[in-house]
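To keep things clear, I will list the structure first and then write my remarks on it.
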Amino acid sequence: RKTIDNSLYEEVQAVAVTSDSTTHTAKYITKALTPNALSSGHTIDCEADYGKALGRATKEITVTTYHDCSSVEIKSFNPADNGATITETDNGDGTLTQKITCPGDTALARFSLMTSDLSAESITCSKSTGKYEPLFLARCMETNPLSTAEGLQKMVIGGTVKNLGLVLQQPQVNIPRLK
5 RKTIDNSLYE EVQAVAVTSD STTHTAKYIT KALTPNALSS GHTIDCEADY GKALGRATKE
65 ITVTTYHDCS SVEIKSFNPA DNGATITETD NGDGTLTQKI TCPGDTALAR FSLMTSDLSA
125 ESITCSKSTG KYEPLFLARC METNPLSTAE GLQKMVIGGT VKNLGLVLQQ PQVNIPRLK
């Protein structure tokens, strides 16, 4: 038995050896300490020594471990309190997709999705990199109607109004008098 690289794997259970007359099995249970997908996996050498019998059997297997997307933080430009819904979809291949849905419009608020180069309505975590692409979920922008207003308007009836150096003559209105 060769030793397992302790910088990549942790042995969870000691080797369990079973035999049935001609087949001998050594089972190792390990836990990956870090994903190795970006380095194309890790080669593990397996070797069987038949003792006094002649020969040896060797086999190389490549073990590739990936990031756990369910533990990757979801980042969003959306404020937490505006009623948007984020749904997660497990794509079945180790990747996860997050999608933001804006709340419905009301009499007091309208919502529209605002995206950028760094954000989108839907983002997917890659099991190879452990990152979402794009990095952020988009924002549900809230627009509120103007419900109150206050102002002042000056009107001059008859005479002359001066505005930016221009003189505007108010038209004369003749109102007939009743007798």
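Residue numbers for the sequence shown follow my numbering, so the first one is 5 and each next one is one higher.
All C-beta atoms in this analysis are idealised placements derived from N, C-alpha and C, irrespective of residue type, glycine included.
C-beta atoms of residue i and residue j nearer than 8 angstroms
{"i": "Ser132", "j": "Ala52", "result": "no"}
{"i": "Glu15", "j": "Thr38", "result": "no"}
{"i": "His122", "j": "Leu139", "result": "Per the sequence shown, residue 122 should be read as Leu rather than His. Cβ atoms of Leu122 and Leu139: closer than 8 angstroms."}
{"i": "Ala88", "j": "Cys144", "result": "yes"}
{"i": "Tyr13", "j": "Ala30", "result": "no"}
{"i": "Leu86", "j": "Glu146", "result": "Reading off the sequence shown, one finds Asn at residue 86, where the question assumed Leu. Yes."}
{"i": "Asn148", "j": "Ala113", "result": "yes"}
Residue(s) in a DSSP beta bridge with residue i
{"i": "Met145", "result": "Ser116"}
{"i": "Glu92", "result": "Gln102"}
{"i": "His28", "result": "Ser23"}
{"i": "Glu51", "result": "Thr62"}
{"i": "Lys35", "result": "Glu14"}
{"i": "Glu137", "result": "Thr128"}
Nearest-angstrom Cα separation, counted from residue j out to residue i
{"i": "Ala20", "j": "Tyr32", "result": "7 angstroms"}
{"i": "Gly134", "j": "Leu58", "result": "47 angstroms"}
{"i": "Ser23", "j": "Tyr136", "result": "46 angstroms"}
{"i": "Arg5", "j": "Thr128", "result": "Because the pLDDT of Arg5 is 49, which lies under 50, any placement of that residue in the model is unreliable, and the question is left without a value."}
Opening and closing residue of the beta strand (DSSP E) in which residue i lies
{"i": "Ile220", "result": "Outside the displayed span of the chain (5 to 183) sits residue 220, for which this structure offers no information."}
{"i": "Lys63", "result": "Arg60 to Val67"}
Quiz item: Counting Cβ pairs, one atom from each stretch, are 3 or more of them under 8 angstroms apart for the stretch 102-120 and the stretch 56-69?
Solution: no
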